[in-house]
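**Q**
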Amino acid sequence: MAKLVLNEEERMLADSARAFLDDAAPVKHLRELRDAGRTHDPALWKAMAEMGWAGILVPESAGGADMGHAAAGLLAGEMGKTLVASPFLSSAVIAATALRQVSDRRAADALAGIASGEVTYALAIDEGPKFAPEATRMEARREGNGFRLTGRKTFVVDGGFADRLLVLARTGEGLTLFDIPADRAGVSREGRAMIDSRDAARIDFDAVEATGEDVLGQVDDAMRVLRPALEAGQAALAAELSGLAAGAFGMTVGYLKERKQFGVLIGQFQALQHRAADLWCQTEVTASAILHAGRKLDEDPENATLAVSLAKARATETAKAAVIEGVQMHGGIGMTDAFDMGFYMKRARVGAEWLGDYGWHAEQVARLRGF
Amino acid sequence: MGGDMAAETEDPAGFRAELREWLEANCPESLRDANGPEDSICWGGKRWVFESEDQKLWLERCVTRGLTVPTWPKEYGGAGYSREQEKVFHQEMARINARWPLQSFGIWMLGPALLHFGTPEQKAHFLPPISRGEIRWCQGYSEPGAGSDLASVQTRCEDKGDHWLVNGQKIWTSYADQADWIFALVRTDREAKKHLGITFLLLDMTSPGVTTRPIKLISGASPFCETFFDNVEVPKEHAPGISSVVGTVNRGWDVAKYLLTHERTMISATGSGARSLGAVLSEEMGGITDASLRAAAVKAEVDALAIGLTLERYKDMAESGQGVGDASAMLKYVGTELNKDRHELMMATGGSEALEWDGPHGTRPADWLRTKANSIEGGTSEVMLGIVSRRVLGLPG
Ligand SMILES: Cc1cc2nc3c(=O)[nH]c(=O)nc-3n(C[C@H](O)[C@H](O)[C@H](O)COP(=O)(O)OP(=O)(O)OC[C@H]3O[C@@H](n4cnc5c(N)ncnc54)[C@H](O)[C@@H]3O)c2cc1C
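Chains A and B are the protein sequences, given in the same order. At position 82 of the first sequence (counting the first as 1) the number is 82 in full-length UniProt numbering, and the numbers step up by one without a gap. At position 139 of the second sequence (counting the first as 1) the number is 139 in full-length UniProt numbering, and the numbers step up by one without a gap.
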């Protein structure tokens, strides 16, 4: 397997991403969106698409950069550092990976749409408060040559503005994944005000018509297409959370070197030094799991489940620790809305739940490690 | 853990295939017990008593191929393996569950320090006997008054023209009573600032005036000692051209610190090479039914895998020229704390059966007690966190 160090190309990608995002999307950008009552900035996504980020996992034949999952993780990590709101995970990672599992004209066109930034996707799987794709109850009832979808999806990330939806529904024998436009008759979506100020919708399907054309992959065999897509999304989300942890931690260490109490810098107190050092150690350990998951998805995707769940489990816990300590070590100012740490805390909580929480992924690790 | 998570790499030159065939043909059946007790691995040295003909044979065979120190240059007894080849070697050893042929402080600590700071003459003189398991070394760093504050060592070392005269006391010297030679930190300048008056000295434990007294551990074993130096004369040159000082006189702290980064990286790996905790515990309990125990074991497994990958990542970084340096403190801290957790869990699943010294779980209670030293030896966890906070994070001292 490729080494667990960044190669020259990867380092350049991360550096250029950082430079762009520091300018175009610092945390202030998310704050401004929130204050304006918006959850998404199409102009920012357009700029990212122009740099090739929307097509990072799209084959070159469909206009993508095809740089792989480790590279996608680097971008997600840089976005995490400054809490960049974009459909990167939903469209460029999850939907693109799902579409790549299918080789037909329609999938190729859809991938081209993603790469150009013109088409955005959202993944509609959750129905209850916890991630449980196998327990999907929403029904796609056969009718003639097609289907009728009826039911409710919750926590559809980026579902408030996405052009298309990947919808998981039960079809007799098993589960089937549908790829339909979000404005199809019978689809009604309601944006929810989320703690992280980002987009998520509740979507009702009222006998929505779908044809065989709308099925992604095979009927009753959603997981063949969905599993790789979920794993790609989980790995990239883990990378985002790892970046988030690094961003929050950087602010905290900065404050330890700047704030004085009792006539000394608070960073001189050993109680805080050791907690900060422990946090750094946790961040480093998690970073290894993140890079490894990306490499595994690139080189041995059939056997990446353990690596991906390990990454998501670790990233969830590390991000949580980083924001809790982040607020605590800032004292009162950490609790104010005017200070950015709260944004990190709220995004860390959303990221913890999305695509499986710590318990869900730890259980995967347990299963694969013979518990 | 590399064996579990990493896919087998390509093998264009037939390296793996050839090695596999050799290991199959040469590793005695009775040595295919890598999960056996830790003290079953040969430590070498003049006093070593082989437990069996097989143990001796396995060592000799590995020595002929340089496999006791696979990454050392061939001229010093190694196999000259690259990092990639070393990984394959580890995987192939794990595949047949082969026991390590040899372990020692010479391999883990002195060797790397000599490779970095030694003269060509010192390397040629001291390294091959380490690789062959002929000379066993011990580490004379700690003193009664110098533990975490190691740079305040007081063992006096005076220049007497053709020899050094050493007086003082070391403590916690692991296996001093079994060792042939010692590498010691001694004070050669009492006026200079504490870091600048230390010298890294090599001496023969059979020198007149060296005595050791074993200290018993809570685990019942007594692997470490007090070591006394009473007017010990150490020749300036052990043989023509072979200095007894590594590096420069009064600059031994640089050598000491470099060695510590290797020691810490080595100690950090104690727990992560082990089998899946879940598999072990499930096997003996038929599935872990206690919910809190299971949750703790799963967390330990998650951490073990991630820490194992971190060791891999730092080795990859070192190979690509990015020094590990102060981050070895991080590796040691996370690795040893994890190992303590793992052994707590093993004790808990063993229940009352694990409370007997020689009960159904063998050395488990002794091993559990021994792991408590992991976060003390080679620098305590608190000292590791101090290194991270000052040198990595740049927090004020
Ligand atoms: C099994 C075992 C084998 C060993 N083998 C060897 C060997 O072969 N050779 C050798 O030279 N030494 C050896 N040692 C010694 C080991 O390196 C020392 O025990 C260790 O460095 C700690 O020193 P100390 O015991 O004097 O504890 P102290 O330094 O007295 O520490 C006591 C406590 O105070 C804490 N503390 C100290 N300073 C600070 C600080 N600045 N901030 C916060 N907390 C602090 C420590 O973390 C610890 O919890 C061995 C020890 C053990 C347990």
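Every residue, glycine too, gets a C-beta built ideally from N, C-alpha and C. Nothing here was measured: the structure is a model prediction, and the numbers come from that model.
Pull up the DSSP beta-bridge partners for residue 166 of chain B, would you.
**A** Taking the second sequence and counting its residues from 1, the one referred to as residue 166 of chain B is at position 166. Paired residue(s): B/157 and B/232.
**Q** Please list the segments of the alpha helix (DSSP H) lying wholly inside the region 248 to 318 of chain B, counting only runs of 4 or more residues, in order along the chain.
**A** DSSP runs (the alpha helix (DSSP H)) wholly in the region 248 to 318 of chain B: 252 to 268 and 277 to 285.
**Q** With H, G and I counted as helix, E and B as strand and the rest as coil, what does DSSP make of residue 333 of chain A?
**A** Along the first sequence, one-based indexing puts residue 333 of chain A at 333. Note: residue 333 of chain A maps to helix in three-state DSSP.
**Q** First and last residue of the beta strand (DSSP E) that includes residue 153 of chain A?
**A** Locating residue 153 of chain A in the first sequence gives position 153, counting from the first residue. Per DSSP, residue 153 of chain A belongs to the beta strand (DSSP E) from 146 to 157.
**Q** Please state if the CB of residue 341 of chain A and the CB of residue 276 of chain A are separated by a distance shorter than 8 Å.
**A** Stepping through the first sequence from its first residue, residue 276 of chain A is reached at position 276. Stepping through the first sequence from its first residue, residue 341 of chain A is reached at position 341. Cβ atoms of residue 276 of chain A and residue 341 of chain A: not closer than 8 Å.
**Q** Would you list, in chain order, the members of the region 274 to 297 of chain A that have their beta-carbon closer than 9 Å to a beta-carbon of chain B?
**A** From the region 274 to 297 of chain A, only 274, 275, 276, 277, 278, 280, 281, 282, 284, 285, 286, 287, 288, 289, 291, 292 and 296 have a Cβ closer than 9 Å to chain B.
**Q** Looking at the C-beta of residue 265 of chain A, does it have a partner C-beta in chain B at a distance below 8 Å?
**A** Translated into the one-based positions of the first sequence, residue 265 of chain A becomes position 265. Interface residue, yes.
**Q** Leaving out the 5 sequence neighbours to the left and right, which residues in its chain are closer than 7 Å to residue 360 of chain B when beta-carbon positions are compared?
**A** Reading the second sequence from its first residue, position 360 is the one you call residue 360 of chain B. Only 353 meet the Cβ criterion.
**Q** Pair every Cβ in the region 5 to 22 of chain A with every Cβ in the region 70 to 85 of chain A, then say whether three or more of these pairs are closer than 8 Å.
**A** A contact exists between the region 5 to 22 of chain A and the region 70 to 85 of chain A.
**Q** Less than 7 Å between C-beta atoms, sequence neighbours within five positions excluded: which residues of the same chain meet that for residue 335 of chain A?
**A** In the first sequence, counting from the first residue as 1, residue 335 of chain A sits at position 335. Cβ neighbours of residue 335 of chain A beyond the five flanking positions: 327.
**Q** By Cβ distance, which residues of its chain are closer than 7 Å to residue 391 of chain B, with the 5 residues on each side in sequence left out?
**A** The residue you call residue 391 of chain B lines up with position 391 of the second sequence. Contacts found: 326.
**Q** Taking Cβ positions, are residue 210 of chain A and residue 149 of chain A nearer each other than 8 Å?
**A** For the purposes of this step, residue 210 of chain A is taken as residue 210 along the first sequence, with counting starting at 1. For the purposes of this step, residue 149 of chain A is taken as residue 149 along the first sequence, with counting starting at 1. Yes, the Cβ-Cβ distance between residue 210 of chain A and residue 149 of chain A is below 8 Å.
**Q** Contact between the region 159 to 172 of chain B and the region 107 to 125 of chain B: three or more CB pairs below 8 Å?
**A** At 8 Å Cβ cutoff, the stretches do not touch.
**Q** Would the beta-carbon of residue 186 of chain B be found less than 7 Å away from any heavy atom of ligand 1?
**A** As a working mapping, residue 186 of chain B is identified with position 186 in the second sequence. Not so, every heavy atom of ligand 1 lies at least 7 Å from the Cβ.
**Q** Quick check: the region 185 to 197 of chain A against the region 62 to 74 of chain A, are at least 3 beta-carbon pairs closer than 8 Å?
**A** Contact fails: fewer than three Cβ-Cβ distances are below 8 Å.
**Q** At the 8 Å Cβ level, is residue 380 of chain A part of the contact set with chain B, yes or no?
**A** Lying outside 1 to 371, the shown extent of chain A, residue 380 of chain A is not represented and no answer is given.
**Q** Per the DSSP calculation, residue 53 of chain A is bridged to which residue(s)?
**A** As a position in the first sequence, residue 53 of chain A is number 53, starting the count at 1. For residue 53 of chain A, which the question treats as bridged, DSSP gives no partner whatsoever.
**Q** Can you check the region 202 to 276 of chain A for any alpha helix (DSSP H) of at least 4 residues that lies completely inside it and give the ranges in chain order?
**A** Runs of the alpha helix (DSSP H) inside the region 202 to 276 of chain A: 222 to 256.
**Q** So for residue 82 of chain B, helix, strand or coil by DSSP?
**A** By 1-based counting over the second sequence, the position of residue 82 of chain B is 82. Coil, per DSSP.
**Q** For chain A, is any of its Cβ atoms less than 8 Å away from the one on residue 382 of chain B?
**A** Sequence index remark: in the second sequence, residue 382 of chain B carries index 382 (1-based). Yes, residue 382 of chain B counts as interfacial toward chain A.
**Q** May I have the straight-line CA-CA distance separating residue 208 of chain A from residue 138 of chain A, to the nearest angstrom?
**A** Stepping through the first sequence from its first residue, residue 208 of chain A is reached at position 208. Stepping through the first sequence from its first residue, residue 138 of chain A is reached at position 138. Cα to Cα, residue 208 of chain A sits roughly 12 Å from residue 138 of chain A.
**Q** What's the C-alpha gap between residue 257 of chain A and residue 71 of chain B?
**A** By one-based count along the first sequence, residue 257 of chain A stands at place 257. By one-based count along the second sequence, residue 71 of chain B stands at place 71. Their Cα atoms are separated by approximately 42 Å.
**Q** Helix, strand or coil: which one does DSSP assign to residue 163 of chain A?
**A** Indexing the first sequence from 1 puts residue 163 of chain A at position 163. Residue 163 of chain A: coil per DSSP, three-state reduction.
**Q** Using a Cβ-based criterion (distance less than 7 Å to any ligand heavy atom), does residue 380 of chain B qualify as near ligand 1?
**A** As a first step, residue 380 of chain B must be located in the second sequence, where it is residue number 380. For ligand 1, at least one heavy atom lies less than 7 Å from the Cβ of residue 380 of chain B.
**Q** Is the CB of residue 366 of chain A under 8 Å away from at least one CB in chain B?
**A** The residue you call residue 366 of chain A lines up with position 366 of the first sequence. It does: the Cβ of residue 366 of chain A has a partner Cβ on chain B nearer than 8 Å.
**Q** If you drop the 5 nearest sequence neighbours on each side, which residues of the same chain put their C-beta closer than 8 Å to that of residue 194 of chain B?
**A** Translated into the one-based positions of the second sequence, residue 194 of chain B becomes position 194. The answer, listed in chain order, is 151 and 152.
**Q** In chain order, what residues of the region 305 to 321 of chain B put their CB closer than 7 Å to some CB of chain A?
**A** If the cut-off is 7 Å between Cβ atoms, the region 305 to 321 of chain B has 305, 306, 307, 309, 310, 312, 313, 316, 317 and 320 near chain A.
**Q** With a threshold of 8 Å between beta carbons, is residue 471 of chain B in contact with chain A?
**A** The question about residue 471 of chain B has no answer here: the residues shown for chain B are numbered 1 through 397.
**Q** May I ask you to list, following chain order, the residues of the region 216 to 241 of chain A that have a beta carbon less than 9 Å from some beta carbon of chain B?
**A** From the region 216 to 241 of chain A, no residue has a Cβ closer than 9 Å to chain B.
**Q** Below 8 Å, how does it come out for the region 91 to 107 of chain B and the region 20 to 40 of chain B: are there three or more Cβ pairs, yes or no?
**A** At 8 Å Cβ cutoff, the stretches touch.
**Q** Who are the near neighbours of residue 302 of chain A in its chain, counting only those whose CB is closer than 8 Å to its CB and skipping five residues on each side?
**A** Mapped onto the first sequence, residue 302 of chain A falls at position 302. Closer than 8 Å at Cβ, skipping near neighbours: no residue.
**Q** Using a 10 Å radius around the Cβ and a threshold of 16 neighbouring Cβ atoms, would you call residue 183 of chain A buried or exposed?
**A** Numbered from 1 along the first sequence, position 183 holds the residue referred to as residue 183 of chain A. Exposed.
**Q** By Cβ distance below 6 Å, which residues in the same chain neighbour residue 94 of chain A in space, the five residues on each side in sequence not counted?
**A** The count along the first sequence starts at 1 and reaches residue 94 of chain A at position 94. These residues qualify, in order along the chain: 123, 229 and 233.
**Q** When you compare each of B/250, B/121 and B/214 to residue 192 of chain B by their alpha carbons, which one comes out closest?
**A** Here residue 192 of chain B refers to the residue found at position 192 when the second sequence is read from its first residue. It is B/250.
**Q** Can you pull the chain A neighbours of residue 333 of chain B, defined as C-beta to C-beta under 7 Å?
**A** Working through the second sequence from its first residue, we reach residue 333 of chain B at position 333. Per Cβ cutoff of 7 Å: 281.
**Q** Step through the CB atoms of chain A and report whether any lies within less than 8 Å of the CB of residue 16 of chain B.
**A** Taking the second sequence and counting its residues from 1, one reaches residue 16 of chain B at position 16. Chain A contact via Cβ: absent.
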